[in-house]
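Every number in the working numbering is 258 more than the matching position in the sequence shown, counting from 1. Reviewing the structure listed below.
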Amino acid sequence: MTVNMQVNLGGLLMKNPVTTGSGTFGSGMQYADFLDVSRLGAVTTKGVSVVPWEGGPMPRLAETPFGMLNAIGLQNPGVDHFKEVDLPWLEQQGATVIVNVSGHSVPEYVGCLQALEESQVPHAYEINISCPNVDAGGMTIGTDPKMVEEVVSACRAQTKKPMFVKLTPNVTDIAEIARAAEASGADAISLINTLLGMGIDIRTRKPLLARVTGGLSGPAIKPVALAKVWQVANAVKVPVLGMGGIASAEDAIEFMLAGATAVAVGAANFVDPTATIKVIEGIEAYCESQGVNDVNELIGGMVC
């Protein structure tokens, strides 16, 4: 049996429903020795900003029993370098490209998008209003519906390409934030970004991260992410890109049954650089075993 694996994520046609979690895959070059990035539904790049960002102070990574904490702070060399180096490489590979766009302010988001629009390579954008590891922008925008509307509307005015908005789980009502993003022009909702967390070294009594708090990712956050995806999928009409603790095809299928049209594999890439390919193959094998001809049949298929 041949399974149709293609999905439509807010106007972006993906050959299968699997992409990468921003910040866990670079732009794909770092994984080229392990897999062919063109096999992925899409490559979602590390966050890109209008000017270079140094990122957070060291130490900025810490392991937890079921995941990891990070306070990288969206370190990147800026959009000009990204256009000169990363985008041409991705085009050469034949990859479908989702660029994660970051900023401290509305003008920075707009400036980054304007620069990216000069290239034909990006197929879609993921507007990051949810990073917990920057002092301005990021999560400070994504927790306020009015700020969400301002940023998303400004970004929408810059491009006709599919535009997804990445949300933080660190809010009281994520459905309210999702509806604000949808009303302002989002073609899909991407969630979740990391949960706010911290750790302490009891020997030194110092925090594990220089910023004290950081973003928790990995298997520990999967039940929270799954619930948020289900809540948002039932609150908006646009598609959902689900992520948070996905390490296997079984995890990915759960997200699709909860309402996600596509999924992103994040921290699992650090454990197994071929995790995305295994998830793709596993979803297809599941469909074959269940007599599912079209992977889209899984979307929202949870039986209550």
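Quick reminder that beta carbons are idealized off the backbone N, C-alpha and C, glycines included. Computed from a predicted model, the values in this text were never measured in an experiment.
Limits of the beta strand (DSSP E) - the one that GLU321 falls within: 319 to 322
Have a look at SER296 and GLY472 and give me their C-alpha separation to the nearest angstrom. 32 Å
Using the rule of at least 16 other Cβ atoms within 10 Å of the residue's Cβ for burial, across every protein chain shown, is THR260 buried or exposed? By the 10 Å Cβ count, THR260 comes out exposed.
Candidates PRO335, ASN262, ASP294, LEU298, of which the one nearest VAL276 by Cα: LEU298
Starting from LYS424, trace the beta strand (DSSP E) in both directions and tell me its first and last residue. 421 to 424
For GLY443 and ILE460, what's the separation of their Cα atoms in angstroms? 47 Å
Around the C-beta of MET326, are 16 or more other C-beta atoms found within 10 angstroms, so that it is buried, or is it exposed? buried
Sequence-distant residues of its chain with Cβ nearer than 8 Å to GLU575 (five each side left out): In the structure as shown, the chain begins at 259 and stops at 562. Residue 575 is therefore absent and cannot be evaluated.
Give the C-beta separation of GLY503 and ILE479 to the nearest angstrom, bearing in mind that I take them to be a contact with Cβ-Cβ under 8 Å. 5 Å
Exposure label - LYS464; buried when at least 16 CB within 10 Å: Result: exposed.
Segment limits, alpha helix (DSSP H) that includes SER411: That run of the alpha helix (DSSP H) goes 403 to 414.
Write down the C-beta distance between VAL475 and ASN358 rounded to the nearest angstrom, noting that I regard them as a contact closer than 8 Å. The sequence as given places Ser at residue 475; Val does not occur at that position. Not really, about 15 Å apart at Cβ, beyond 8 Å.
Under three-state DSSP, which class holds ASP509? helix
What is the C-beta distance between ILE356 and VAL301, in whole angstroms, given that I count them as a contact (C-beta under 8 Å)? 7 Å
Spatial distance of ALA330 from PHE283 (CA atoms): Looking at the sequence itself, residue 330 is Ile, so the reference to Ala does not match. C-alpha separation (whole angstroms): 14 Å.
Determine the closest residue to ASP294 out of ASN554, LEU270, GLU349, with distance taken between C-alpha atoms. Of the listed residues, the one whose Cα sits closest to ASP294 is GLU349.
Whole-angstrom distance between ASP291 and GLY540, CA atom to CA atom: 21 Å
If we ignore side chains and look at the alpha-carbon of each, how far apart do GLY559 and MET514 end up? 8 Å
Based on the DSSP secondary-structure assignment, which residues constitute the bridge partners of TRP311? ASN334
Any chance you could list the beta strand (DSSP E) runs of at least 3 consecutive residues sitting entirely within the region 334 to 391, in chain order? 355 to 359, 382 to 386
If you run the structure through DSSP and keep just helix, strand and coil, what is LYS480? LYS480: helix per DSSP, three-state reduction.
Does the pairing of the region 336 to 351 with the region 316 to 324 give three or more beta-carbon distances under 8 Å? no
Rounded distance between the beta-carbons of ILE399 and LYS486, thought under 8 Å: Not quite, the Cβ-Cβ distance comes to about 18 Å (not below 8 Å), so this is no contact.
Return the first residue and the last residue of the alpha helix (DSSP H) that VAL226 is part of. The chain is shown only over 259 to 562; residue 226 falls outside these bounds and no answer can be derived.
Less than 6 Å between C-beta atoms, sequence neighbours within five positions excluded: which residues of the same chain meet that for ARG469? GLY314, ALA329
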